[in-house]
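Q:
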Amino acid sequence: MNYIVKILLFCLCINTINAQVIEKKFSTEICQNRTYEYLLHKPKGKEKKPLIIFLHGSGEKGTDLEKVKVHGPFKYLKTNELDAFVLVPQCPQDVYWESESLYQLIQSVIKENNIDTSRIYLTGLSMGAWGAWNLAFAHPDMFAALVPIAGFVDRVPMLENCKIKDIPTRIFHGLVDDVVDVNYSIEIYKKLKKCSIDIELTIFDDANHDSWTRVYDDKSIYEWMLQQQQKTK
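Here our numbering is used: the first residue of the sequence shown is 1, the next is one more, and so on.
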């Protein structure tokens with residue numbers, strides 16, 4: 001019996017001595033398929049025109065494009081003119097805005113239309129403002145202006161805030177917003193203020209989550225956007 005115990009202990013010692021750390025490499029490719037239905041307003045004339053991109057909120061998800069006319073630039077276009085292309089994609093029901101697929105959509109629209117690529121403007125409300133922040137940080141060289149309204153801000157933009165320092169930015173939020181805390185807009189504004197070339201934050205004291213209606217119904221925001229132009233293009 002003693003002999004058997006000694007042999008087992010010896011085997012355990014051998015196994016411990018032979019333990020190894022193996023260095024290996026793993027790679028994979030993850031593909032996403034994303035289909036967007038969208039509206040595109042085309043201005044009069046054949047010369048190059050600017051492009052305004054509007055990302056809607058979660059309430060307008062789905063496959064009914066009439067929903068994306070309820071707020072934002074397409075609502076404004078019902079009674080006003082804009083001398084610009086206006087692109088309004090619709091987010092599918094069970095997903096959220098995804099930056100790379102939106103970027104590919106914008107590139108496709110640019111390719112098919114006579115768009116001034118030095119005058120591309122990005123705006124969105126609520127979930128769309130969150131999507132706009134992420135898209136601007138993913139492709140900061142694309143946009144001549146950024147207008148996020150009542151939007152949540154992810155951790156990465158909070159950390160990489162100066163990555164979009166060259167994009168003129170107008171942030172809007174309601175002080176008593178009970179859906180998306182106003183402090184997200186305040187915090188990103190404070191971080192960007194240290195390095196941004198042109199940034200303003202407007203907080204409406206009397207507004208809850210809907211701080212966008214007064215912004216998009218006012219021609220001044222469109223006039224401001226259309227004045228912005230990237231210097232490098």
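A virtual CB, placed ideally from N, CA and C, is assigned to each residue, including glycine.
Are the beta-carbon atoms belonging to L159 and D205 less than 8 Å from one another?
A: With respect to the 8 Å criterion, L159 and D205 are not classified as neighbours on the basis of their beta carbons.
Q: Terminal residues of the continuous alpha helix (DSSP H) containing T35?
A: Note, T35: premise wrong, no alpha helix (DSSP H); not H, not E.
Q: Check this for me: beta carbons of I199 and K193, under 8 Å apart or not?
A: yes
Q: Taking only runs that begin and end inside the segment 74-161, name each unbroken beta strand (DSSP E) of 3 or more residues, in chain order.
A: Correct list: 85-90, 115-125 and 145-149.
Q: Can we say the segment 94-103 touches the segment 130-138, given the rule of at least three CB pairs closer than 8 Å?
A: yes
Q: Residues in the same chain with beta-carbon distance under 6 Å from P168, minus the five sequence neighbours each way, listed in chain order, please.
A: A145, D198 and Q228
Q: Rounded to the nearest angstrom, how far is the Cβ of L125 from that of L135, given a contact under 8 Å?
A: Wrong, their Cβ atoms sit about 14 Å apart, outside the cutoff.
Q: If I measure Cβ to Cβ from F172 and keep anything under 6 Å in the same chain, skipping five residues before and after, which residues do I get?
A: I149, T202, S211 and V215
Q: Taking Cβ positions, are S196 and K163 nearer each other than 8 Å?
A: Pairing S196 with K163 gives a Cβ-Cβ distance that is not under 8 Å.
Q: What is the DSSP secondary structure of V22, counted as helix, strand or coil?
A: For the sequence presented, residue 22 should be read as Ile rather than Val. The answer is coil: DSSP assigns I22 none of H, G, I, E or B.
Q: Below 8 Å between beta carbons: does that hold for V70 and L77?
A: no
Q: How about Q90 and E112: are their beta carbons less than 8 Å apart?
A: no
Q: Per DSSP, what are the beta-bridge partners of H173 in this structure?
A: I203
Q: Measuring alpha carbon to alpha carbon, tell me which residue in H56, P92, L65 and T63 is nearest G151.
A: H56
Q: If we ignore side chains and look at the alpha-carbon of each, how far apart do A138 and D218 end up?
A: 29 Å
Q: Using a 10 Å radius around the Cβ and a threshold of 16 neighbouring Cβ atoms, would you call N161 buried or exposed?
A: buried
Q: Closest to D154 by CA distance: which of D181, D141 and K49 is it?
A: D181
Q: Does the distance from the CB of V68 to the CB of L39 come in under 8 Å?
A: yes
Q: Tell me where the alpha helix (DSSP H) around I237 begins and ends.
A: Residue 237 falls outside the range modelled here, since the chain spans only 1 to 233, and no answer is possible.
Q: Using the C-alpha atoms, what's the distance from K75 back to T213?
A: 10 Å
Q: For the beta strand (DSSP E) containing K49, name the first residue and the last one.
A: K49 to L55
Q: On the CB-based measure, 16 or more other CB atoms within 10 Å of its CB, does V95 come out buried or exposed?
A: exposed
Q: Alpha carbon to alpha carbon, how far is Y184 from A84?
A: 30 Å
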